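Numbering (the numbering used here), first residue to last: 163 to 343.
Quick reminder that beta carbons are idealized off the backbone N, C-alpha and C, glycines included.
Being a predicted model, the structure only gives us computed values, none of them experimental.
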Amino acid sequence: MKLRVRLVLGAIAILFSSFPIRGVTASSVQPPASSDAASPIRRCANDYAEEEIAEMVANGEDSYEPDDCLLLAHPLTGPMLFNFCQLGDEDWAKFPVRSGVIYQINTTTPSNYPTEPKLELYDDGRLIALNDHYFGKDAELWFWNDGPDRTLHVRASELRGRAECGNSEYTLWLKAYGERP
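This is the structure we're talking about:
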């Protein structure tokens, strides 16, 4: 059984290492510019007033806003419901990972919604994995933490740039498999 687990984990590690990924620094991870003045991109600063946050929620945005950059990532504690409510909207979450554990991060969307989430996984501001909603599938990432315990960040964005607020929701999930060896 242990040999089978090691073979599977080795195959996963080879699979992840076979995809070229360009480096991304924390300073370059910013929302794209928007040409729609009515839907400004949220600032990447931890200085939002309670009134600003209340207005975001009143306008239909998810209750985790503002969360449009790595600095504003919320802890991913279980299934979390998000919306893409403005052009260029992104949702960031963070979660602790333990050494030797496999993690599954995925999104699910209501079947009648056009939402197409794209997921990107970051370690210390560096892009380490990505996946998108393709061929009718939900976006999904698998990650085996073969390094030390640390915190990772996940960025979700709308693949085609839709921002329909009430018609662009998705649920972000995190599952862990296995224990430390």
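Collapsed DSSP secondary structure at residue i in the structure displayed
i: Val316; result: strand
i: Tyr339; result: strand
i: Glu212; result: helix
i: Val259; result: strand
i: Leu334; result: strand
i: Phe181; result: With a pLDDT of 38 at Phe181, under the threshold of 50, the predicted position of this residue should be treated as unreliable, and no value is reported.
i: Leu243; result: strand
i: Glu326; result: coil
i: Lys223; result: For the sequence presented, residue 223 should be read as Glu rather than Lys. In the structure shown, Glu223 sits in coil (DSSP, three-state: anything other than H, G, I, E or B).
Residues bridged to residue i [DSSP beta-bridge criterion]
i: Leu292; result: Glu282
i: Tyr420; result: Because the chain here runs from 163 to 343, residue 420 falls outside it and cannot be looked at.
i: Asp253; result: Ala318
i: Thr270; result: Thr333
i: Pro276; result: Paired residues: none, contrary to the question.
i: Pro237; result: Lys256
Nearest neighbour of residue i, chosen from the options [CA to CA]
i: Asp229; options: Arg317, Thr333, Tyr265 and Tyr284; result: Arg317
i: Arg260; options: Trp254, Thr270 and Phe305; result: Phe305
i: Gly340; options: Tyr210, Glu212, Gly240 and Val263; result: Val263
i: Glu223; options: Glu331, Gly240 and Leu281; result: Glu331
i: Gly323; options: Cys231, Glu278 and Pro310; result: Glu278
i: Asp209; options: Thr239, Leu336, Leu234 and Leu238; result: Leu234
i: Ser273; options: Asp300, Gln266 and Tyr265; result: Asp300
i: Ala389; options: Asp311, Glu212, Leu243 and Cys247; result: Outside the shown range of the chain (163 to 343) lies residue 389, about which nothing can therefore be said.
i: Ser319; options: Ile215, Leu232 and Met218; result: Leu232
i: Arg288; options: Thr313, Glu217 and Glu213; result: Thr313
i: Asn268; options: Asn221, Met218, Leu292 and Tyr226; result: Leu292
i: Asp286; options: Phe257, Thr271, Tyr265 and Leu249; result: Phe257
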